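Q: Just so you know, we're using the numbering used here here: the sequence shown kicks off at 3 and counts up by one.
Glycine included, every Cβ here is placed at the ideal spot set by N, Cα and C.
As the structure is a prediction and not an experimental result, all values here were calculated from the model.
Quick one: the structure is below, and I'll ask about it shortly.
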Amino acid sequence: MAAPHCDREGFATKLGVLTATLGSAVGLGNIWKFPYMTGEHGGAAFLLIYILATLLVGLPVMISEILLGRYARSNAISTWRKVARSKAWMLVGASGVVAAFAIMAFYTDVAGWVFNYVIKASMGDLNTTDPAVAEGVFGAMVSNPWSSLAFQWGVLALVSTIIIGGVTKGIEKTTKTLMPILFVMLVVVCIRSLTLPKAGEGLAFLFSPDFSKITGEAVLMALGLAFFKLSIGMGTMMTYGSYFRQDANVPLVATRVMLADLTVSLLAGIAIFPAVFNYGFEAAAGPGLLFMTIPAVFSSMPMGQLFMVVFFVLTAIATIGAMLSLFEVPVAFFTETLKDCSRRKATILVAIGLGLCGVPATLSFGPMADVKIFGLNFFDFYDQLSSNILMPAGGLMICLFAGWLFGQEKVKECLSNNNSLHNGAVISLFLLIVRYVSPLLVLLVMLNGLGLLDLFG
Ligand code: PFF
């Protein structure tokens with residue numbers, strides 16, 4: 003496996019490879035998006051489809067992306083120039099840049115809510131188990147345009163400063179130490195939630211599937227969530243792959259990241275749904291679900307306020323890890339394609355662009371609630387454009403390239419680290435899925451989701 007450039011800085015240790023990749027994957031997707039989407043789409047049946055999408059599409063795409071990135075040792079766009087004959091493949095990279103922008107536009111808004119909740123929790127504004135009060139606090143926060151924008155821009159400024167200051171490594175180290183604490187905190191909330199009187203109803207909702215709830219839309223949403231969760235289909239994992247060591251076992255690392263990520267999502271679900279049913283929240287409450295139910299769980303336990311502050315601080319830190327990896331895609335693109343564009347300049351450009359793109363997303367819960375594109379407010383439009391169209395389309399192209407065009411022998415050499423790993427069976431299974439199963443599933447689900455096919459009658 004001759005990598006064109008081997009002199010690139012990369013992850014120094016095997017553990018570093020794993021935690022950095024996990025740092026990009028774990029974020030608001032697990033703690034905020036997974037529970038609210040599961041709540042909106044009927045619980046266990048959605049969870050089941052999401053798990054299938056992760057195994058049959060997410061994991062193979064992730065392995066393919068890391069494989070191509072490590073081979074080319076380059077960013078999300080130049081990788082295509084190095085591995086593919088036709089320049090048209092660079093469009094896949096370009097679509098990744100657009101996806102990164104679309105995600106950041108709403109992600110920074112939600113990250114702003116988390117930072118805002120750190121303050122609200124410290125001031126004792128969230129000590130309630132009453133759904134009406136919790137809803138009121140959340141509703142007042144998101145519909146206030148000025149404070150929402152101030153928090154969003156504050157988040158953008160913070161992430162840009164970290165990138166410009168070159169302290170990304172320091173932050174990654176911090177994230178690495180704090181992530182296990184977030185994990186422990188989640189377990190604490192789970193235990194509290196599971197001991198609530200009506201916990202059983204929440205667990206039944208999460209784990210006992212009702213297949214009548216499966217619709218074409220739900221399947222598309224579950225697939226989109228699988229892409230969003232693993233940060234795939236848009237070049238982030240390709241860029242991370244370029245920092246992978248040559249002796250890293252790519253299929254194994256990807257599988258571990260996927261399993262750890264899934265565990266965090268499940269813990270978030272177990273923390274939230276018992277509380278939803280116990281206190282009478284609405285499972286389909288939408289993006290506010292986390293912000294209403296988690297305070298209720300903490301409010302009903304000893305030292306709850308302190309735990310609540312710690313929980314939101316750790317969640318805020320997890321969002322920074324994910325945002326750093328999101329920023330990296332457009333920053334790397336601009337640094338390398340615009341003339342005389344330093345990293346600093348690229349970061350400022352991206353931050354200003356995001357500050358502007360993010361405004362309509364943030365105002366979607368207030369003054370711009372009635373402004374619709376394709377029937378969606380800006381917040382949902384950015385979300386669905388990235389998760390349901392750009393990332394799956396990018397993932398489809400990545401599968402097709404890795405499975406059919408890159409060359410099966412080259413795939414085998416790369417994934418076995420030049421035959422030093424004895425993982426032939428794993429590679430054969432990977433090739434089978436990435437060639438036939440993943441592309442077909444993505445295609446069917448996308449066509450169905452876009453209304454061009456009707457799989458569910
Ligand atoms: N995977 C992140 C999360 O679940 O919060 C979101 C994300 C990060 C998506 C980086 C895409 C990406 F490139």
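Would you say N419 and D249 are within 8 Å of each other, going by their C-beta atoms?
A: Cβ atoms of N419 and D249: closer than 8 Å.
Q: On the three-state DSSP scale, how would you describe L457?
A: It is coil, neither helix nor strand.
Q: Taking the straight line between their C-alpha atoms, what separation do you get for V361 and G31?
A: Rounded to whole angstroms, V361 to G31 spans 21 Å at the Cα level.
Q: Suppose the cutoff is 7 Å on Cβ atoms and the five residues either side in sequence are ignored; what does the same chain contact list for A404 look like?
A: Excluding positions up to five away in sequence, the list reads S66, L69, L70, V413 and V436.
Q: Please return the same chain residues whose Cβ sits closer than 6 Å to the Cβ of A287, not counting the five positions on each side in sequence.
A: Contacts found: none.
Q: Are the beta-carbon atoms belonging to M236 and L392 less than 8 Å from one another?
A: Closer than 8 Å, so yes.
Q: Enumerate in chain order the residues of its own chain whose CB-to-CB distance from G333 is below 6 Å, with the five nearest sequence positions on each side excluded.
A: Correcting the residue type first, residue 333 is Val in the shown sequence and not Gly. Answer for V333: A348, T349 and V352, listed in chain order.
Q: Got a sec: does the ligand PFF put a non-hydrogen atom nearer than 7 Å to the Cβ of T317?
A: Because no heavy atom of the ligand PFF lies under 7 Å away, the Cβ of T317 does not count as near it: no.
Q: Out of W91, V252, L208 and N77, which has the shortest C-alpha to C-alpha gap to L53?
A: It should be pointed out that residue 53 corresponds to Ile in this sequence rather than to Leu. Nearest C-alpha to I53: L208.
Q: Tell me whether K35 is buried or exposed, calling it buried when 16 or more other Cβ atoms sit within 10 Å of its Cβ.
A: With 16 or more other Cβ atoms within 10 Å, it is buried.
Q: Can you tell me where the alpha helix (DSSP H) holding Q410 begins and where it ends?
A: First-last of the alpha helix (DSSP H) with Q410: Q410 to L417.
Q: Can we say the stretch 302-319 touches the stretch 133-142, given the rule of at least three CB pairs closer than 8 Å?
A: At 8 Å Cβ cutoff, the stretches do not touch.
Q: Among the residues of its own chain, which have a CB less than 6 Å from the CB of E284, if the five just before and after it don't count?
A: Excluding positions up to five away in sequence, the list is empty.
Q: Give me the Cα-Cα distance between G493 and A22, rounded to the nearest whole angstrom.
A: In this structure the chain extends from 3 to 459, so residue 493 is not present and cannot be described.
Q: Among the candidates S162, N118, L316 and D263, whose CA atom is the shortest distance from the CA of L328?
A: When only C-alpha atoms are compared, the closest one is S162.
Q: For T131 versus S301, is the C-beta spacing smaller than 8 Å?
A: The answer is yes: Cβ separation under 8 Å.
Q: DSSP puts L378 in a beta bridge; with which residues?
A: DSSP output for L378 lists I375 as bridge partner(s).
Q: Could you give the distance in angstroms between the alpha-carbon of L454 and the alpha-carbon of G396?
A: If I take the Cα positions, the gap works out to 19 Å.
Q: Just to confirm the assignment: which complete alpha helix (DSSP H) runs, minimum length 4, are found wholly within the stretch 122-181?
A: The qualifying runs are 133-145 and 147-166.
Q: When you compare the stretch 425-435 with the stretch 88-96, are there three or more beta-carbon pairs, one atom per stretch, that lie closer than 8 Å?
A: Short answer: they don't touch.
Q: Considering only residues of the same chain and omitting the five flanking positions on each side of L50, which have a CB-CB separation below 8 Å?
A: P211, listed in sequence order.
Q: Can you give the Cα-Cα distance for A273 and F380, rounded to whole angstroms?
A: Cα to Cα, A273 sits roughly 29 Å from F380.
Q: G235 by DSSP, collapsed to three states: which one?
A: In this structure, G235 counts as coil in the three-state DSSP scheme.
Q: Exposed or buried, F117, counting other C-beta atoms within 10 Å across all chains shown (16 or more means buried)?
A: Label assigned to F117: buried.
Q: Just to check, is the beta-carbon of F230 closer than 7 Å to a non-hydrogen atom of the ligand PFF?
A: Yes - the ligand PFF has a heavy atom lying nearer than 7 Å to the Cβ of F230.
Q: Return yes when the C-beta of A324 is under 7 Å from any heavy atom of the ligand PFF, and no when it is not.
A: Yes, Cβ of A324 sits closer than 7 Å to a heavy atom of the ligand PFF.
Q: Alpha carbon to alpha carbon, what distance is there between V28 and A266?
A: Looking at the sequence provided, one finds Val at residue 266 rather than Ala. The alpha-carbon atoms of V266 and V28 are separated by roughly 8 Å.
Q: Distance, Cα to Cα, V311 vs V299?
A: Using only the alpha carbons, I get a separation of about 13 Å.
Q: So is the beta-carbon of L30 under 7 Å away from any non-hydrogen atom of the ligand PFF?
A: Yes, the Cβ of L30 comes within 7 Å of a heavy atom of the ligand PFF.
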